[in-house]
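Student:
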Amino acid sequence: MKAEVWTFPDMSGLVDQSGPSVWNRGTGAAVDQLPGRSAFFLFTLMFLFFFILALVATMSANQRSVILFDERGGPEFSAQTIGYKNFIERLKRNWQMKSYKAQVTYERIAQANIYIIANANRQFTKEEIEALDQFMNNGKNLLLLSSGGDASDDSQISINQLAEHYGIIINNDSVIRNQFYKYFHPKEAYISDGVVNKIVTTAAGVVTSDNEHIRKQLLKIVYPYGSTLTVQENIATPLLSSGFICYPQNRPICAIFHSKSSNGKVIVLGSQQIFSDSYLDKEDNSKLLTALLNILSSEELSLEKSSVEDAEISPYHYVPDHLALSKQLKCCFQEAEANIAVKSINKLFESSLYSITSSLWTRILKAYAQLEVKHEPLTLIVFPAIFRVPGPPDLELFDLQEEFSTERDRLVQASQKYSEDQLENFINDCAECLGIVKHLPAENRTAKHVLQKVKLIKHWHQETTTIFTVIYNLGANFPAV
Numbered sequence: 001m002k003a004e005v006w007t008f009p010d011m012s013g014l015v016d017q018s019g020p021s022v023w024n025r026g027t028g029a030a031v032d033q034l035p036g037r038s039a040f041f042l043f044t045l046m047f048l049f050f051f052i053l054a055l056v057a058t059m060s061a062n063q064r065s066v067i068l069f070d071e072r073g074g075p076e077f078s079a080q081t082i083g084y085k086n087f088i089e090r091l092k093r094n095w096q097m098k099s100y101k102a103q104v105t106y107e108r109i110a111q112a113n114i115y116i117i118a119n120a121n122r123q124f125t126k127e128e129i130e131a132l133d134q135f136m137n138n139g140k141n142l143l144l145l146s147s148g149g150d151a152s153d154d155s156q157i158s159i160n161q162l163a164e165h166y167g168i169i170i171n172n173d174s175v176i177r178n179q180f181y182k183y184f185h186p187k188e189a190y191i192s193d194g195v196v197n198k199i200v201t202t203a204a205g206v207v208t209s210d211n212e213h214i215r216k217q218l219l220k221i222v223y224p225y226g227s228t229l230t231v232q233e234n235i236a237t238p239l240l241s242s243g244f245i246c247y248p249q250n251r252p253i254c255a256i257f258h259s260k261s262s263n264g265k266v267i268v269l270g271s272q273q274i275f276s277d278s279y280l281d282k283e284d285n286s287k288l289l290t291a292l293l294n295i296l297s298s299e300e301l302s303l304e305k306s307s308v309e310d311a312e313i314s315p316y317h318y319v320p321d322h323l324a325l326s327k328q329l330k331c332c333f334q335e336a337e338a339n340i341a342v343k344s345i346n347k348l349f350e351s352s353l354y355s356i357t358s359s360l361w362t363r364i365l366k367a368y369a370q371l372e373v374k375h376e377p378l379t380l381i382v383f384p385a386i387f388r389v390p391g392p393p394d395l396e397l398f399d400l401q402e403e404f405s406t407e408r409d410r411l412v413q414a415s416q417k418y419s420e421d422q423l424e425n426f427i428n429d430c431a432e433c434l435g436i437v438k439h440l441p442a443e444n445r446t447a448k449h450v451l452q453k454v455k456l457i458k459h460w461h462q463e464t465t466t467i468f469t470v471i472y473n474l475g476a477n478f479p480a481v
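All the letters of the sequence shown, read from the start, carry residue numbers 1 to 481 under the UniProt record's numbering.
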């Protein structure tokens with residue numbers, strides 16, 4: 001086998017030669033001179049140079065991929081519990097995850113590229129809202145998860161103070177499914193046609209289609225305990241809707257704000273449990289999470305304005321508060337006989353009719369002693385059982401002529417009913433009229449057995465008559481005693 005020879009370039013003009021420069025890898029014998037310590041020093045510098053370049057690239061990549069997860073929403077929104085544990089573990093595969101529990105200031109969260117608030121319905125101070133606004137204006141990204149109708153009024157106002165800056169308002173309602181499918185609770189809404197913008201399916205890695213109907217059904221999600229959003233046109237862009245089956249119909253549930261000046265993005269999603277451990281692996285919720293993070297972190301994806309314009313977004317319809325109105329029942333207005341000149345219509349209402357006073361409570365307690373009634377809690381009134389009275393017999397179900405007719409009449413009717421060809425049926429009917437059938441076994445009730453039974457009865461009657469006649473004649477010949 002031929003030995004392989006490695007050679008190095010001539011660097012005699014740079015360093016002194018003090019070692020072999022060519023050697024035989026097969027035999028290990030020296031062939032030429034190689035720069036010794038100087039060559040080792042040169043290769044060390046080259047290794048350090050490339051190592052520093054790789055380290056800088058890694059640090060810059062980590063800086064772009066840092067995600068801060070706000071855990072101040074409570075134990076159910078912590079990475080240490082089962083609330084968002086799988087959510088955190090899944091993001092750690094491709095991102096540098098960090099938990100955040102302190103007060104929000106720009107200096108503390110500036111290190112991250114994406115800031116996730118899983119409980120956006122908690123109270124935000126004015127300083128925190130300004131810090132988050134500054135965070136977005138510096139090219140950073142926000143992901144807000146809200147619970148909508150399940151939140152209190154104060155927290156709803158607090159999150160809307162932040163979201164209104166970006167043209168998004170979280171409504172105080174709930175998305176429910178009109179028809180039961182897959183999930184028992186109505187607020188666990190299964191949405192199969194909720195994709196509004198093409199960027200969602202592209203970022204999720206789902207095969208897209210130019211057909212709008214097919215594209216809307218590429219991503220199926222379960223939307224638990226969420227609300228709808230009001231998106232201001234030309235400011236924010238809807239990404240998902242409630243679809244055609246759920247109520248309210250075709251209302252935005254996820255929207256994005258993109259600042260063209262700073263390239264910062266804000267995504268608001270109306271459900272804070274959609275990415276929890278209970279729902280993350282159901283349907284395509286995990287793909288939706290991947291799509292939202294790719295939209296926030298990528299600078300190459302662009303919003304499809306054409307798909308938004310063609311999307312079916314229904315207007316928001318307000319309905320009265322039926323629960324509050326049910327507690328304030330009023331009779332209908334009637335036209336008065338005389339014209340009453342009142343400047344304010346509110347003076348016509350009498351609210352004291354529905355007031356409750358306890359001024360007569362002492363007199364009621366004294367009335368027990370005066371009436372000699374025992375003062376004790378009221379007992380249940382027991383009513384005796386009311387049994388159903390049986391009704392008269394249904395006479396229309398009986399043939400009275402057949403029930404009360406004699407045997408002779410039945411035989412006459414049977415003779416008129418059958419012809420000569422129906423002799424066997426005639427014999428069976430006559431046997432039933434005379435009561436002969438009940439004396440025969442169930443398996444021997446043919447016409448042959450009926451005639452046999454009649455023959456035996458006739459023969460028995462003849463013998464009985466003969467015996468009685470002989471006895472009678474013998475008795476007549478004896479003298480009277």
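Don't be surprised by glycine CBs; every beta carbon is placed ideally from N, CA and C. Source: prediction; values computed, not measured.
Compare the beta carbon distance of Ala203 and Asn86 with 8 Å and say whether it is the shorter of the two.
Tutor: For this step, residue 203 is matched to residue 203 along the sequence shown. For this step, residue 86 is matched to residue 86 along the sequence shown. No, these two residues do not count as a Cβ contact at 8 Å.
Student: Please go through the same chain and pick out, in chain order, the residues whose beta-carbon is closer than 8 Å to the beta-carbon of Lys366, but skip the five residues on each side of it.
Tutor: Your numbering for residue 366 matches position 366 in the sequence shown. There are no such residues.
Student: Restricting to Cα atoms, I'd like to know which of Tyr106, Val66, Thr105 and Arg108 is closest to Arg93.
Tutor: Residue mapping note: residue 93 aligns to position 93 of the sequence shown, counting from 1. Selected option, being the one with the closest Cα: Val66.
Student: To the nearest whole angstrom, what separates the beta carbons of Leu303 and Thr230, a pair I think is in contact under 8 Å?
Tutor: The residue given as residue 303 occupies position 303 in the sequence shown. The residue given as residue 230 occupies position 230 in the sequence shown. Leu303 to Thr230, Cβ: 19 Å. No contact.
Student: Using 10 angstroms around the beta-carbon of Thr27, count the other beta-carbons present and answer buried if the total reaches 16, otherwise exposed.
Tutor: Counting from 1 along the sequence shown, the entry for residue 27 is found at position 27. For Thr27, the predicted model reports a pLDDT of 47, less than 50, meaning its position is unreliable; a value from the coordinates is still stated below. So Thr27 counts as exposed.
Student: What first and last residue would you give for the beta strand (DSSP E) that runs through Asn141?
Tutor: The residue labelled residue 141 in the question sits at position 141 within the sequence shown. Where Asn141 is concerned, the enclosing beta strand (DSSP E) stretches over Asn141 to Leu145.
Student: For Asp70 and Tyr115, I'd like the C-alpha separation in whole angstroms.
Tutor: Numbered from its first residue, the sequence shown carries residue 70 at position 70. Numbered from its first residue, the sequence shown carries residue 115 at position 115. So the alpha carbons of these two residues sit roughly 7 Å apart.
Student: With three or more beta-carbon pairs closer than 8 Å as the criterion, would you say the segment 240-248 touches the segment 176-194?
Tutor: The segment 240-248 vs the segment 176-194: in contact.
Student: How is the alpha helix (DSSP H) around Asp409 delimited, first residue to last?
Tutor: Along the sequence shown, read from residue 1 onward, the residue named residue 409 stands at position 409. From DSSP, the alpha helix (DSSP H) with Asp409 extends over Glu407 to Lys417.
Student: Compare the Cα-Cα distances from His258 to each of Ser242, Ile235 and Leu48 and report the closest residue.
Tutor: Mapped onto the sequence shown, residue 258 falls at position 258. Closest option to His258, Cα to Cα, is Ile235.
Student: Leu240 bridges to which residues according to DSSP?
Tutor: For the purposes of this step, residue 240 is taken as residue 240 along the sequence shown, with counting starting at 1. Answer is Val195 and Cys254, bridged to Leu240.
Student: Return the bridge partner residues of Ile116 from the DSSP annotation.
Tutor: Residue mapping note: residue 116 aligns to position 116 of the sequence shown, counting from 1. Note: Ile116 sits in a beta bridge opposite Phe69 and Leu143.
Student: Quick one: what's Ile168 bridged to in DSSP?
Tutor: Counting from 1 along the sequence shown, the entry for residue 168 is found at position 168. DSSP lists Val231 as partners of Ile168.
Student: For a quick check, are the C-beta atoms of Phe124 and Ser99 less than 8 Å apart?
Tutor: Here the question's residue 124 lines up with position 124 in the sequence shown. Here the question's residue 99 lines up with position 99 in the sequence shown. Not closer than 8 Å, so no.
Student: Alpha carbon to alpha carbon, how far is Arg388 from Thr379? Give it in angstroms, no decimals.
Tutor: Translated into positions along the sequence shown, residue 379 becomes position 379. Translated into positions along the sequence shown, residue 388 becomes position 388. Rounded to the nearest angstrom, the two C-alpha atoms are 27 Å apart.
Student: Who are the near neighbours of Val104 in its chain, counting only those whose CB is closer than 7 Å to its CB and skipping five residues on each side?
Tutor: Here residue 104 refers to the residue found at position 104 when the sequence shown is read from its first residue. Here the set comprises Glu128, Ala131 and Leu132.
Student: List the whole-angstrom C-beta distance separating Ser227 from Gly270, where the pair is believed to meet the contact cut-off of C-beta under 8 Å.
Tutor: Residue numbering aside, residue 227 sits at position 227 when the sequence shown is read from its first letter. Residue numbering aside, residue 270 sits at position 270 when the sequence shown is read from its first letter. Sure, about 4 Å apart at Cβ, within 8 Å.
Student: Which stretch, first to last residue, makes up the alpha helix (DSSP H) that contains Ser286?
Tutor: Here residue 286 refers to the residue found at position 286 when the sequence shown is read from its first residue. From DSSP, the alpha helix (DSSP H) with Ser286 extends over Asn285 to Ser297.
Student: What separation, rounded to the nearest whole angstrom, lies between the Cα atoms of Ser146 and Gln96?
Tutor: Against the sequence shown, residue 146 aligns to sequence position 146. Against the sequence shown, residue 96 aligns to sequence position 96. About 24 Å.
Student: If I'm right that Ile267 touches Leu301 with Cβ under 8 Å, what's the distance once you round it to whole angstroms?
Tutor: Within the sequence shown, numbered from 1, the residue matching residue 267 stands at position 267. Within the sequence shown, numbered from 1, the residue matching residue 301 stands at position 301. With 8 Å as the limit, Ile267 and Leu301 do not qualify as a contact, their Cβ atoms being about 12 Å apart.
Student: Quick one: Cα of Leu292 to Cα of Val200, how far?
Tutor: Counting from one through the sequence shown, the residue named residue 292 turns up at place 292. Counting from one through the sequence shown, the residue named residue 200 turns up at place 200. Near 7 Å, if we compare the C-alpha coordinates of Val200 and Leu292.
Student: Report all residues from its chain with a CB closer than 8 Å to the CB of Thr464; omit the five preceding and five following residues, and keep chain order.
Tutor: Along the sequence shown, one-based indexing puts residue 464 at 464. So no residue of the chain qualifies.
Student: Please report the straight-line C-alpha distance between Tyr166 and Ser359, rounded to a whole angstrom.
Tutor: Along the sequence shown, read from residue 1 onward, the residue named residue 166 stands at position 166. Along the sequence shown, read from residue 1 onward, the residue named residue 359 stands at position 359. Going from the Cα of Tyr166 to the Cα of Ser359 covers about 56 Å.
Student: Under 8 Å, do Glu432 and Ala447 count as touching if we go by C-beta distance?
Tutor: Counting from one through the sequence shown, the residue named residue 432 turns up at place 432. Counting from one through the sequence shown, the residue named residue 447 turns up at place 447. Not in contact: Glu432 and Ala447 (Cβ atoms no closer than 8 Å).
Student: For Val266, does the three-state DSSP call read helix, strand or coil?
Tutor: Residue numbering aside, residue 266 sits at position 266 when the sequence shown is read from its first letter. Residue state, collapsed to three classes: strand.
Student: Thinking C-beta only, is Ala163 closer than 8 Å to Leu144?
Tutor: Start at 1 with the first residue of the sequence shown, and residue 144 comes out as number 144. Start at 1 with the first residue of the sequence shown, and residue 163 comes out as number 163. Result yes, Cβ atoms of Leu144 and Ala163 sit closer than 8 Å.
Student: So which of Ile386, Gln134 and Tyr223 has the shortest CA-CA distance to Ser261?
Tutor: Along the sequence shown, one-based indexing puts residue 261 at 261. Checked all of Ile386, Gln134 and Tyr223; the closest Cα to Ser261 is Gln134.
Student: On the DSSP bridge list, what partners appear for Gln96?
Tutor: Working through the sequence shown from its first residue, we reach residue 96 at position 96. DSSP output for Gln96 lists Val66 as bridge partner(s).
Student: In whole angstroms, what separates the C-alpha of Pro186 from that of Gly139?
Tutor: Here residue 186 refers to the residue found at position 186 of the sequence shown. Here residue 139 refers to the residue found at position 139 of the sequence shown. Their backbone Cα atoms lie some 39 Å apart in a straight line.
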